[in-house]
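Under this note's numbering, think of the first position of the sequence shown as 1485, with each following residue one higher.
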Amino acid sequence: LPQDQRQHVRMLSNNVVSLETLFMENVTKGDCGTKNVTLKKDDVTQIIPLHYLPPTSPDEGSTISISTDESTILNTLLRHSHDPKLRKDVYMEYNKSIASNLDV
């Protein structure tokens, strides 16, 4: 690449790295607000037995609410679910719970 294009690629790369760093710092600082992620109970219980999950109220029916404070459960769902929609929902809701990352 010509020198000016290489400089532009370096600048873009540096911007991406700084955004990734800021995003991860926000995650590791633990300044996330608590939110509930509502998921289909059947999808969750295929991966995690019901007795390991937080208690649910009878009015929740076929859904289950998991607090973003329950990172072990959410990470297990991300790691072991074969359903891409479930993984996406968990990932998006968990990362949206960190308000400072919405601007990143």
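Using N, Cα and C, we set each Cβ at its ideal position, and we do this for glycine too.
Asked: Ignore the nearest five residues each way along the sequence and tell me which others in V1528's own chain have a CB closer than 6 angstroms to its CB.; Found: I1548
Asked: With distances taken Cα to Cα, identify the nearest neighbour of D1553 among N1498, K1524 and P1538.; Found: P1538
Asked: Measuring alpha carbon to alpha carbon, tell me which residue in T1556, Y1536, L1534 and K1524 is nearest K1569.; Found: K1524
Asked: In three-state terms, what does DSSP make of T1547?; Found: strand
Asked: For T1556, list the residues DSSP reports as bridge partners.; Found: Paired residue(s): none; T1556 is not in a bridge.
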